[in-house]
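> One structure, as structure tokens, below. Some questions next.
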Amino acid sequence: MAKIRISIVTETYVPDVNGVANSLRQLLSALNSEQFCIQIIRTAPRSDWLPETEEVWCRGLTIPMYPDLQLGLPARRRVARAWQSFQPDLVYIATEGPLGNSALRQARKQGIPVISAFHTNFHRYSSYYGLGWIKTLTLAWLRRFHNRTAATLVPAGEIASALSSEGFRNVSVLPHGVDCQLFHPRRRSIALRQQWQVGAEPVLLYVGRIAAEKNIPLAIRSWQALRAQGNNARLIMVGDGPMRAELEREHPQIIFAGVQTGETLARYFASADAFIFPSQTETFGLVTLEAMASGLP
1104 MAKIRISIVT
1114 ETYVPDVNGV
1124 ANSLRQLLSA
1134 LNSEQFCIQI
1144 IRTAPRSDWL
1154 PETEEVWCRG
1164 LTIPMYPDLQ
1174 LGLPARRRVA
1184 RAWQSFQPDL
1194 VYIATEGPLG
1204 NSALRQARKQ
1214 GIPVISAFHT
1224 NFHRYSSYYG
1234 LGWIKTLTLA
1244 WLRRFHNRTA
1254 ATLVPAGEIA
1264 SALSSEGFRN
1274 VSVLPHGVDC
1284 QLFHPRRRSI
1294 ALRQQWQVGA
1304 EPVLLYVGRI
1314 AAEKNIPLAI
1324 RSWQALRAQG
1334 NNARLIMVGD
1344 GPMRAELERE
1354 HPQIIFAGVQ
1364 TGETLARYFA
1374 SADAFIFPSQ
1384 TETFGLVTLE
1394 AMASGLP
């Protein structure tokens, strides 16, 4: 039986550290290599990365306020050449930027079926950057993009209902999950807690981008309110982003651990006592599952 050939188009993938890249890698790792042949068309990684499958690298542009992320530039000819040799049966577009749009246009021209994924509520970000006026335009773009594909996959039923109410068609749920062997309470580390200089006092943990759309000031106010009641709780913030430097200056009592991955990240989760994540812009929030798998309320 011939393998099903799937071309994945995305503006972010590992070694990038974000929910889209991680979810996509987990999805691809779950596909049976005896049944599926995968090609990835992506923005060129900006750190060392040895591809695990065929990858076609395209040019990207740094996103203002997000220097660690790229916006894929239009690459219709590059995509066409890649497909000429790969001959995909199906195209899966994971991001809706210019690169994804190039792939969508080329796939429609060639008559290749396309499925898209909705990972990020970009239309909700605008109000956090003083650009609330573009919310309607952004939502209209996203709706037009996804309605030109055969189906849109989302990580949860709540998102499916919300998008359907906004005029998105053919929305289906593709459940997400986490590695429960990696994220587990047994990863708890006394040595790490000693590094944090904590004993019996509770540790609150935040994991994610340190950026405006994550509603981080609420997390800090909540931690401060807890300390004002006499609880000597510590706050650990894992991640990086445009707000980090300013918050580090303003709150020297907070431990900013930077980006952590793999077993180190799992130890951070399991060594804390509670997870705080006040973001109101998530489509899913994979870190909440990682926290729960680690035993954190």
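First residue of the sequence shown: 1104, per the working numbering; consecutive thereafter. Idealized CB from N, CA, C, for every residue including glycine.
Quick one: Cα of Ala1348 to Cα of Gly1342, how far?
Working through the sequence shown from its first residue, we reach residue 1348 at position 245. Working through the sequence shown from its first residue, we reach residue 1342 at position 239. Their backbone Cα atoms lie some 12 Å apart in a straight line.
> Helix, strand or coil for Gln1142 per DSSP?
As a working mapping, residue 1142 is identified with position 39 in the sequence shown. It is a strand residue.
> Quick one: residues in its chain with C-beta nearer than 7 Å to the C-beta of Val1182, no 5 flanking neighbours on either side, listed in chain order?
As a first step, residue 1182 is located in the sequence shown; it is residue number 79 there, counting from the start. If we look at Val1182 and ignore the five residues flanking it on each side, its Cβ neighbours are Ile1144, Ser1205, Ala1206 and Gln1209.
> Just how far apart, CA to CA, sit Lys1317 and Leu1338?
As a first step, residue 1317 is located in the sequence shown; it is residue number 214 there, counting from the start. As a first step, residue 1338 is located in the sequence shown; it is residue number 235 there, counting from the start. If you take the alpha carbons of Lys1317 and Leu1338, they lie about 16 Å apart.
> Report back the beta-carbon spacing between Val1281 and Ala1375 to the nearest angstrom; my notes put them in contact at under 8 Å.
On the sequence shown, position 178 is the one that residue 1281 refers to. On the sequence shown, position 272 is the one that residue 1375 refers to. With 8 Å as the limit, Val1281 and Ala1375 do not qualify as a contact, their Cβ atoms being about 16 Å apart.
> Okay, do the stretch 1284 to 1302 and the stretch 1364 to 1380 touch, 3+ Cβ pairs below 8 Å being the bar?
The stretch 1284 to 1302, when compared against the stretch 1364 to 1380, does touch it at the 8 Å Cβ threshold.
> Does the pairing of the stretch 1155 to 1169 with the stretch 1249 to 1264 give three or more beta-carbon distances under 8 Å?
The stretch 1155 to 1169 is not in contact with the stretch 1249 to 1264.
> Give me the DSSP bridge partner(s) of Ile1109.
As a first step, residue 1109 must be located in the sequence shown, where it is residue number 6. Paired residues: Ile1141 and Leu1193.
> Taking all protein chains shown into account, do 16 or more other C-beta atoms lie within 10 angstroms of the C-beta of Glu1199, making it buried, or fewer, making it exposed?
As a first step, residue 1199 is located in the sequence shown; it is residue number 96 there, counting from the start. Result: buried.
> With 16 as the cutoff for other CB atoms within 10 Å, does Gly1302 come out buried or exposed?
One-based indexing of the sequence shown puts residue 1302 at position 199. With fewer than 16 other Cβ atoms within 10 Å, it is exposed.
> Is it buried or exposed for Leu1131, if we count other Cβ within 10 angstroms and need 16 for buried?
For the purposes of this step, residue 1131 is taken as the residue at position 28 of the sequence shown. Leu1131 is buried by the Cβ-count criterion.
> Counting only the same chain and skipping the five closest in sequence on each side, list residues whose C-beta sits under 7 Å from that of Arg1179.
By one-based count along the sequence shown, residue 1179 stands at place 76. Answer for Arg1179: Ser1205, Arg1208 and Gln1209, listed in chain order.
> Give me the Cα-Cα distance between Tyr1371 and Arg1246, rounded to the nearest whole angstrom.
Locating residue 1371 in the sequence shown gives position 268, where the first residue counts as 1. Locating residue 1246 in the sequence shown gives position 143, where the first residue counts as 1. Approximately 38 Å between the Cα atoms of the pair.
> Let's test the definition: count the other Cβ atoms within 10 Å of the Cβ of Thr1223 and tell me whether it reaches 16, buried, or not, exposed.
Sequence index remark: in the sequence shown, residue 1223 carries index 120 (1-based). Label assigned to Thr1223: buried.
> For Tyr1116, count neighbouring C-beta atoms within 10 Å of its own C-beta (all shown protein chains included) and say buried if the count is 16 or more, exposed if not.
Within the sequence shown, numbered from 1, the residue matching residue 1116 stands at position 13. With 16 or more other Cβ atoms within 10 Å, it is buried.
> Please classify Arg1312: is it buried, with 16 or more other beta-carbons within 10 angstroms of its beta-carbon, or exposed?
The count along the sequence shown starts at 1 and reaches residue 1312 at position 209. When all chains shown are included, Arg1312 counts as buried.
> Can you give the Cα-Cα distance for Lys1106 and Phe1139, rounded to whole angstroms?
By 1-based counting over the sequence shown, the position of residue 1106 is 3. By 1-based counting over the sequence shown, the position of residue 1139 is 36. Their Cα atoms are separated by approximately 5 Å.
> Going straight from the alpha carbon of Gln1332 to that of Gly1361, what length do you get?
Taking the first residue of the sequence shown as 1, we reach residue 1332 at position 229. Taking the first residue of the sequence shown as 1, we reach residue 1361 at position 258. Answer to the nearest angstrom: the Cα atoms are 28 Å apart.
> By the 10 Å Cβ neighbour count, where 16 or more other Cβ atoms means buried, how is Ala1373 classified, buried or exposed?
The count along the sequence shown starts at 1 and reaches residue 1373 at position 270. Ala1373 is buried by the Cβ-count criterion.
> Kindly indicate which residue of Pro1191, Gly1398, Ala1253 and Asp1151 has the alpha-carbon position closest to the one of Ile1111.
Locating residue 1111 in the sequence shown gives position 8, where the first residue counts as 1. For the residues Pro1191, Gly1398, Ala1253 and Asp1151, the minimum Cα distance to Ile1111 belongs to Pro1191.
> Starting from Met1340, follow its DSSP beta bridges and name the residues at the other end.
In the sequence shown, counting from the first residue as 1, residue 1340 sits at position 237. Note: Met1340 sits in a beta bridge opposite Tyr1309 and Phe1359.
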